[in-house]
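Top line first, the protein sequences correspond to chains A and B.
FYI, our numbering numbers position 42 of the first sequence as 42, with every residue one higher than the one before it.
FYI, our numbering numbers position 300 of the second sequence as 1300, with every residue one higher than the one before it.
Even for Gly, the Cβ is constructed at its ideal location relative to N, Cα and C.
Computed from a predicted model, the values in this text were never measured in an experiment.
Just below is one structure, and these are the notes that go with it.
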Amino acid sequence: MKGDGRALRAVVAVVLLGGVVLPIVAGFAQTARAAFGVLPAIGAVEWSFAPWMQLMHLPGFGTSLRLSLVTGVGSTVLALALAFGFCALMHGRVQPAAMGRLLTPFLAAPHAALAIGLAFMLAPSGWIARMVSPVLTGWVRPPDLATVNDGWGVALIVGLLIKEVPFLLLVIGSALGQLPVRQHLAAGRALGYGRGVVWVKVIMPQVYPMIRLPVFIVLAFALSVVDMAIILGPSNPPTLAVAIVRWFSAPDIALILPASAAALLQAGIVAAAVGAWIMAERLVKRWGRWWLRRGGRGHRAGPGLWAASVVVAGLMLLGGLALISLLVWSFAWRWSFPQALPQSWSLKGWMSPGVGWGRALQASLGIGVATTVASLLLAVAWLEGEDRARRTRAGWAQALIYLPLLVPQIGFLYGLNVLFLRIGISGGMLAVIWAQMLFVFPYVMIALSDPWRAMDCQHVRAAAALGAGPWRRLFSVKLPMLVRPLMVAAAIGFSVSVAQYLPTLFMGAGRIATLTTEAVTLASGSDRRVVGVYAVLQAGLPFLAYGAALLVPALVYRNRRGLLGAAE
Amino acid sequence: MRSLLIAALGLGLATPALADWQQTLEAAKGQTVYWNAWGGDARTNAFIAWVGTQTEAKYGVKVEQVKLTDTATAVTQVISEKAAGKDSGGSVDMIWINGPNFLAMKEQGLLHGPFAGDLPNAKYVDLGPDAAAAVDFTVPVDGYESAWRLARFVFTYDSAVVTDLPRDMAGFLDYAQTHPGRVTHPDVSNFMGATFLKQALVEFAPDKAALQQPVTDAAFDAATAPLWAWYDAMRPFMWREGKTFPENESVQQQLLNDGEVDFGVSFDPASAAGAIAEGLLPETARVFVPRDGSIGNISFVAIPYNAANREGAEVVANFLLDPATQAHQQNIEVLGSFSVLDPAKLSAEQAAVFAALPSSPALPSLQDLGPTVLEPHASWMTKLVAVWGERYTK
């Protein structure tokens, strides 16, 4: 039995080392070489710190750095606070299934599409302004106000929040499913604590460790987001991540060197931010203990929770309208300021690119299913291997999962492409699936790890006591108990796959057109009507996946209500 | 040294067989050409798809457009392939290219050629040493790329809104001061944003001949002083006080359509007519050029040195120069971009096809467009973009 576990672990280790670590390290090494002056393909052969010096002196570098930090860290802190506040107020009042349905559009909508919709909401010539003009404002022409692309990155933070809060709500919701929330609340209230205070003092400290990983992911993502930052962020200078992409694609090829240095720096920033976050956690923990022991029962958390919930509701309304605006645009022909609705309608958006979107839809679907299934298999194998070894995850293993999410895509994909070219698999479906798995697998792993660990071991022990072998325990006990988290993990994995832009572009050598590569390309052409068509389709696919994630457990468990855990 | 190397590479690659067109046609049959082209314009994408159906029917050569957000992506891909030692069977067969990207690839020896002069339809193009199709941003083409469409820098505007058009670039300052917040240009990291500055540069530069030479620090300072004075005066009156800029010309066109700004920019004289047909601009949209003319250049296609389907790419490049193709391309209902052919080299029948093309009120005549101003040497653009960044990106 022990040997069996070892074999499983060995297989997982080999697949991960060869399939995930090796390519990333190789890609990363290529970037690092360029960052220190070596890129023979453009005639740079001497090791030096020159690219770093050059980077420091690139115009706007300092501002870009500051912008990235403010928007990245700011949006993460806000998203976490808002998500906790909202959960505290809504838990038990809203059915998890209803909550899931509410969150799905936001989780499923690709960043770029949501950003385009949001820009249309917020702009001085946007939908909000159109709804109130000229009757209330007297504007016949839009005013010159920086409500998007503002120098502080506020619009970008709002955009990030609309994507991040629902993601955190989802993971908090799935973590809450593992806790006896109702009993805690009852006990707390019996002891005279207000509802909000029980949440802050009893439930949050238990939930937080279970959602730490997603929080780090949110932080790393917010620090290195490109597509949203182009559409909503300031442009002169842009955030560091956008600046890196610009330097990589500048006509002056020599800029690849400082761009590579910046890509390394970007990885450093993410690592430093996560480190700082961990330090802050320790401080909060120490302070929190003292605060808990003081035993205050105040009811004052209430207004804060309400405020957070109102903000979350506002964000969702804004995000929802942004998505609806894209749907409206996809059927529009002319829609000019200050009309609240299009003056003329047309199906042309849906008819004319028929050459493209049918095929793109097929490619997205195929790649998405393949990467999700493969990632899910690998994740289950990994977790089961840990179980059989009766080991908790080592720090290095944790780091390994994070690797693809911490190294900014643009930096290491360039190097990875060189590697894939060498072994001759670039430009194909396989290369794209492989490259996407680097990003899909970590998300699947993160979504699955905590529920897996929080699983009630007694059932597994009971099965073992009844003579069930490890495989039978896996298939008859563990996996059925985990159908809900498995489906959620699959849905997350699938939507991550559908949204992948750079890996698909680089590894597919541009030949594999998915909904996302088409949408981003078209977004650079900025016809909101066509973008609307692609965004609707692009959001539609993961939407179906999340729908299935909610539906399947309900079907599987239709005669086992106890397993619906979270649906108290 | 470098030029020697390039010459050596060029000689090595220019096999005599390429001169034999029949052989090329046979080798091309069954190939699929991956044409890397900016994919942000639906009309261009549709035209490229049409080219594919034609070449497949005529020569058995399929065309797949690899839609790029930025041409540099394709350049980076070829560099990656070279770095990986993939010197044949490369994934990029053909690139829509010009200017700095072409200069970079030519200098790095990343292009196949010379081939352009050997194409049968090259006979319709003026390839004389000073002809528009023989130099790209003052860099000699030397047969390493083949022309396919004409680009002229134009402004778009809504004639129902703007009644006091600026007559030249200097006039934009007055316009911005009278109408604060209504003038902008694409971000200068974008090709069109840089072109806006170049248009002003060629208008203001005291010594225009210097612009045709590779840039030097002294020449740059002398040539750009009036440009910066003008720009500094205008910037506070620009859209969002000149602190942020639309990402590219399509985003700016959307701002024009939304009524946030009064001007769009384009490298396509038919852009207003095209956008009206697509419902992307109001019916009253028109184009204009500064009084003394505007920058013009030619869009080319080039073939990377390691292209897997080189023969197919040559067949497509040749098809693009076919008078019938050029006429189809110039049709306002298709693409509306002007032909690169020399009218003097066309037969009466071929010329008649051009004359019979439909028109549109938003389509300028060649007279409206005035003289074509030469692009400065490519090094000017690189330097202009860098210095603009130093001055205005804080």
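In the three-state reduction of the DSSP assignment, A/GLY19 falls in the helix class, which pools H, G and I.
Three or more Cβ pairs closer than 8 angstroms define a contact, and the stretch 141-151 of chain A meets that threshold against the stretch 1232-1247 of chain B. Taking 8 angstroms as the cut-off, the Cβ atoms of A/VAL536 and A/SER497 do not count as close. For B/VAL1066, the nearest beta carbon of chain A is closer than 8 angstroms to its own beta carbon. B/ALA1386: member of the alpha helix (DSSP H) spanning 1378-1392, first to last residue.
Per DSSP, reduced to three states, the secondary structure at B/ASN1121 is helical.
For B/GLY1264, the enclosing beta strand (DSSP E) covers residues 1263-1266. Residue range 1294-1302 is occupied by the beta strand (DSSP E) that includes B/PHE1300.
Within its own chain, the residues whose Cβ lies closer than 6 angstroms to the Cβ of B/LEU1197, once the five positions on either side in sequence are excluded, are LEU1384, listed in chain order.
For A/TRP139, no beta strand (DSSP E) run applies, since DSSP gives it neither H nor E. The beta carbon of A/SER235 falls within 8 angstroms of a beta carbon belonging to chain B, placing the residue at that interface. Annotation: the continuous alpha helix (DSSP H) that includes B/ALA1317 extends over 1310-1320. As for any alpha helix (DSSP H) of minimum length 4 sitting wholly inside the stretch 477-507 of chain A, the runs are 483-499 and 502-507, ordered along the chain.
B/ALA1122 and B/SER1294 have their C-alpha atoms some 26 angstroms from each other. DSSP, read as helix, strand or coil, puts B/GLN1199 in helix. In its own chain, leaving out the 5 sequence neighbours on each side, no residue places its CB closer than 6 angstroms to the CB of A/ALA397.
Counting of Cβ neighbours within 10 angstroms places A/PHE36 among the buried residues, the total reaching 16 or more. Here the alpha carbons of A/LEU361 and B/ASN1257 stand approximately 30 angstroms from one another. According to the DSSP secondary-structure assignment, B/TYR1157 is paired through a beta bridge with B/PHE1263 and B/ARG1286.
Beta-carbon to beta-carbon, A/LEU257 and A/ALA44 are separated by about 6 angstroms, close enough to satisfy the 8 angstroms threshold. Taken in chain order, the complete alpha helix (DSSP H) segments of 4 residues or longer contained in the stretch 1162-1216 of chain B are 1169-1178 and 1191-1204.
Interface flag for A/ASP144 against chain B is set, since a Cβ pair is found closer than 8 angstroms. For a Cβ distance threshold of 8 angstroms, residue set ALA1042 of chain B lies close to A/VAL530, ordered along the chain. Across the set A/VAL274, A/GLN30 and A/ALA129, the C-alpha of A/GLN30 shows the shortest separation from the C-alpha of B/ALA1084. In the DSSP assignment, B/TYR1305 falls outside any beta strand (DSSP E), carrying neither H nor E. Restricting attention to A/PRO180, A/GLY493, A/LEU341 and A/TRP345, the CA atom closest to the CA of A/SER125 is found in A/LEU341. In the DSSP secondary-structure assignment, B/GLU1145 is bridged to B/ALA1302. Residues LEU515, GLU518, VAL533, TYR534 and LEU537 of the same chain have their beta carbon placed closer than 8 angstroms to that of A/TRP357, with the five preceding and five following residues left out of the count. In the DSSP secondary-structure assignment, B/GLU1064 is bridged to B/TYR1034.
DSSP, read as helix, strand or coil, puts B/GLY1279 in coil.
DSSP, read as helix, strand or coil, puts A/VAL94 in strand.
When beta bridges are read from the DSSP output, A/ALA44 appears opposite A/LEU39.
In this model, A/ALA79 and A/PHE331 are separated by some 33 angstroms (Cα to Cα).
For A/LEU421, the C-beta contacts it makes with chain B under 7 angstroms involve SER1080, GLU1081, ALA1084 and LYS1086, in order along the chain.
Within a 10 Å sphere around the beta-carbon of B/GLN1108 sit 16 or more other beta-carbons, which makes this residue buried. In the structure shown, A/SER375 adopts helical secondary structure according to DSSP, grouped into three states.
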